[in-house]
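Peer 1: In the numbering used here, the protein residues as written are 715 to 1161. For glycine and all other residues, C-beta sits at the position ideal for the given N, C-alpha and C. Take a look at the following structure, please.
What follows is the structure in structure tokens.
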């Protein structure tokens, strides 16, 4: 069945797609959104059980200063709790550091370690700026380390930290991440989380829109100067299309664009890759870990798999730790049962807290890699890529096809902020006019 008559078809009801569709509809355009899942939100997904909301995908607004996401959340009446992480930093908040022997470092030793990271980062900025396009994050960090002249053990602790940073920030092994892959690792203002769930944002953005859930797109044809979108339900045609599916889906054989994406879009897409990054939430009967810290970090060889635990107790008043399976660890545990994952994590916690470690009362382990409509958590820059590749990916194709989503925004990819601004940009491109971003939340529902 073919359904004609739309100005724009938006593929994907994540935050980028909903942003674009909402702005276009407010401008008087006929818009339809097709979404493969049975819900809106994409990689903003909240699980609710036992009365608690757990964000399985996006969790934070990383920097509320000047943030469109923060402004939208406030306008929509979403409750937030300040939880500033500051990226994977050594001392942005109180951190309980444990050495390779499992003993907690003194404040003095921990402060010296943090200072080593800051010293290294100052050198790293220079090395990255001078690096070749094909250089990896490993290459530049090793060069920066070599310039310090530290003894072996001191060097290794910092090297280990840099490996963990690459993995936790971008879900990629340090050898796979481009030298410039962490250029966006900066935060402006406090960070907040959502005790009632981040998914309230896409739910508000979706109000009043024509959204077709359960519509799995297999083919998009723009060869005729219009767009025909083929789904498992039927076909739709429109003058223009905005495609907001993740990079992994764009690169898969299950999502075909005809004619194929031209340069420079195709080249930019080929230099990005979906990462391996999963969350593990553990709720406990009591809080057995350190008081007054937002994170616990383990150093040494034992930290290769699990190294950082974040205390989410303040979110709902229930003792909760969050850790990440990132990069090589996410790949290693693929196929493990939840019980195997939990036991591996508890083994490491016991090195730090001994018999105080309890059996979790509830566990949630995400699996974004296995999600056919995501194929990973978010995109990262492979060797040979540049930060410009993100914006290049959004280059309009034939004045008909537009790509949007977190991976298409250079300033801070892999964030909901990037998704909002990329959807805003796509809507402006189609309208050929500027739209104040606050239009997104200043008009109530879009009906």
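Give every residue of the same chain whose Cβ lies closer than 6 Å to the Cβ of residue 1159, excluding the five residues on either side of it in the sequence, and list them in chain order.
Peer 2: Residue placement at residue 1159 is poorly supported in this model, since its pLDDT is 47, which falls under 50; the coordinates still yield a value, given next. Only 921, 922 meet the Cβ criterion.
Peer 1: Can you grab the Cα-Cα spacing for the pair residue 806 / residue 1008, in whole Å?
Peer 2: 10 Å
Peer 1: By Cβ distance, which residues of its chain are closer than 6 Å to residue 1099, with the 5 residues on each side in sequence left out?
Peer 2: 892, 985
Peer 1: Thinking just about the alpha-carbon of each residue, which of 889, 841, 988, 914 is nearest to the one in residue 729?
Peer 2: Closest by alpha carbon: 914.
Peer 1: Is any heavy atom in the ligand GDP found nearer than 7 Å to the beta carbon of residue 1089?
Peer 2: The ligand GDP is absent from the structure shown, which contains no ligands of any kind.
Peer 1: Can you tell me which of the three DSSP states residue 755 falls into?
Peer 2: strand
Peer 1: Identify the continuous beta strand (DSSP E) that holds residue 1012 and give its terminal residues.
Peer 2: 1009-1012
Peer 1: Using 8 Å for Cβ pairs, my map puts residue 955 next to residue 1114. What's the rounded Cβ distance?
Peer 2: The beta carbons of residue 955 and residue 1114 sit about 7 Å from each other, so the pair counts as a contact at 8 Å.
Peer 1: Note down, one range per segment and in chain order, each alpha helix (DSSP H) of at least 4 residues found wholly within the region 1092-1146.
Peer 2: Counting only runs of 4 or more, we get 1102-1106, 1130-1145.
Peer 1: Under the DSSP definition of a beta bridge, which residues are partnered with residue 881?
Peer 2: Looking at the DSSP assignment, residue 881 forms no beta bridge with any residue, so it has no partner.
Peer 1: Enumerated in chain order, which unbroken segments of the alpha helix (DSSP H) with a length of 4 residues or greater are wholly contained in the region 897-940?
Peer 2: 914-920
Peer 1: Can you confirm whether the region 988-995 touches the region 1067-1083 when touching is taken to mean that 3 or more C-beta pairs between the two stretches lie within less than 8 Å?
Peer 2: yes
Peer 1: For residue 831 versus residue 884, is the C-beta spacing smaller than 8 Å?
Peer 2: No.
Peer 1: Report the rounded CA-to-CA distance for residue 1012 versus residue 795, giving the unit in angstroms.
Peer 2: 26 Å
Peer 1: So does the region 1023-1035 actually touch the region 1124-1135, counting three or more Cβ pairs closer than 8 Å?
Peer 2: no
Peer 1: Measuring only the C-alpha atoms, how far is residue 753 from residue 927?
Peer 2: Using only the alpha carbons, I get a separation of about 7 Å.
Peer 1: Using three-state DSSP, classify residue 818 as helix, strand or coil.
Peer 2: Looking at residue 818 - three-state DSSP - the assignment turns out to be strand.
Peer 1: Along the chain, where does the alpha helix (DSSP H) containing residue 1067 start, and where does it finish?
Peer 2: For residue 1067, the enclosing alpha helix (DSSP H) has its first and last residue at 1052-1067.
Peer 1: Given this structure, state the Cα-to-Cα distance separating residue 746 from residue 1089, to the nearest angstrom.
Peer 2: 24 Å
Peer 1: Taking C-alpha atoms, which residue in 741, 722, 719, 724 lies nearest to residue 1147?
Peer 2: Out of 741, 722, 719, 724, the CA that lies nearest to the CA of residue 1147 is found in 741.
Peer 1: Among all the DSSP beta bridges, which residues are the ones paired with residue 956?
Peer 2: 724, 1116
Peer 1: Relative to the C-alpha of residue 1116, which residue among 719, 734, 797 is closest?
Peer 2: 734
Peer 1: Could you tell me which of 821, 833, 845 sits nearest to residue 861, measuring between CA atoms?
Peer 2: For residue 861, the closest alpha carbon among the candidates 821, 833, 845 is that of 833.
Peer 1: List the whole-angstrom C-beta distance separating residue 940 from residue 1016, where the pair is believed to meet the contact cut-off of C-beta under 8 Å.
Peer 2: Contact flag wrong, Cβ pair sits at about 58 Å.
Peer 1: Rounded to the nearest angstrom, how far is the Cβ of residue 854 from that of residue 842, given a contact under 8 Å?
Peer 2: 5 Å
Peer 1: Is the Cβ-Cβ distance between residue 1097 and residue 848 less than 8 Å?
Peer 2: Yes.
Peer 1: Can you tell me the Cβ-Cβ gap for residue 997 and residue 1076, rounded? I've got them flagged as a contact below 8 Å.
Peer 2: Confirmed, about 4 Å.
Peer 1: List the endpoints of the continuous alpha helix (DSSP H) containing residue 856.
Peer 2: 851-860
Peer 1: Are there 16 or more other CB atoms within 10 angstroms of the CB of residue 1150, so buried, or fewer, so exposed?
Peer 2: exposed
Peer 1: Looking at the structure shown, is residue 1043 part of a helix, part of a strand, or coil, going by DSSP?
Peer 2: The answer is helix: DSSP assigns residue 1043 an H, G or I state.
Peer 1: In this structure, does DSSP put residue 843 in helix, strand or coil?
Peer 2: helix
Peer 1: By Cβ distance below 7 Å, which residues in the same chain neighbour residue 808 in space, the five residues on each side in sequence not counted?
Peer 2: 1006, 1007, 1008
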